[in-house]
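In the working numbering, the protein residues as written are 4 to 246.
1. Which residues mark the beginning and the end of the beta strand (DSSP E) in which residue 204 is found?
2. Residues bridged to residue 58 by DSSP?
3. What number of angstroms, rounded off, separates the C-alpha of residue 86 from the C-alpha of residue 74?
4. Which residues in the same chain have their Cβ closer than 7 Å to the Cβ of residue 67, if we skip the five residues on either side of it in sequence?
5. What is the DSSP secondary structure of residue 71, reduced to helix, strand or coil?
6. For the 8 Å Cβ check, are there 3 or more pairs between the region 188-207 and the region 33-52?
7. Between residue 273 and residue 61, what straight-line distance do the alpha-carbon atoms span, to the nearest angstrom?
8. Going by CA-CA distance only, name the one from 34, 38, 57 that's closest to residue 245.
9. Residue 44 and residue 159: beta carbons closer than 8 Å?
10. Please classify residue 129: does DSSP put it in a helix, a strand, or coil?
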């Protein structure tokens, strides 16, 4: 799809076509042309106003020493995890997102592009094999795809098998991340999305990278799903304790 002026957005890769019959109408184009910059401005305000402390920054540098990584964080905690990852461009991290090629993915794609991330228009809710192929292609190009292991629609804080299988096939490590805030709103959405109060204290907690052996069997991969879930929960608890 094109932007409101009919151009293909920069940093956008089209991995697959959507089967949706919905089209981007002229009215919706105009709405998005106004809404996306407004949403981007609000995100930047939140990022600017909050005081952020990072725990485990050294784990990112160690993980990036050998190339692209697979950052993983809960869907409801992505606001400041993503901000931290975007700031790691100075370390050579090229962040990417797999975003639906449908009309519903237009605004997220616009926001990710404005932030300087690589946008891959493919659907993580499509067939698992197809989404996995898209992620593998992204990693091969040196892009680190940010993944919410309980997304795109839950269950909340359930670490699904996709990131573990991707780490095994790509030979790239998963980097667990979590955030905590001194205060904020939890939306009534499935992910209980956390929006900190303006000027709140934020802690982004990062753990050591986790690799998945190429020879890992089903039992080991299932155990790693549980381990990664527990790591994310422990990082969130460490973040709360550090506020």
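Note that the Cβ used here is the ideal one computed from N, Cα and C, for glycine as well.
Walking through what the data contain:
1. Start and end: 204-209.
2. 208
3. The alpha-carbon atoms of residue 86 and residue 74 are separated by roughly 12 Å.
4. 94, 95, 96
5. Looking at residue 71 - three-state DSSP - the assignment turns out to be coil, as it is neither helix nor strand.
6. Yes: at least three Cβ pairs fall under 8 Å.
7. For residue 273 there is no data in the structure shown, the boundaries of the chain being 4 and 246.
8. Ranking the options by Cα distance to residue 245, first place goes to 57.
9. no
10. Note that residue 129 scores a pLDDT of 47, beneath 50, so its modelled location is shaky; the value from the coordinates is reported in the next line. In the structure shown, residue 129 sits in coil (DSSP, three-state: anything other than H, G, I, E or B).
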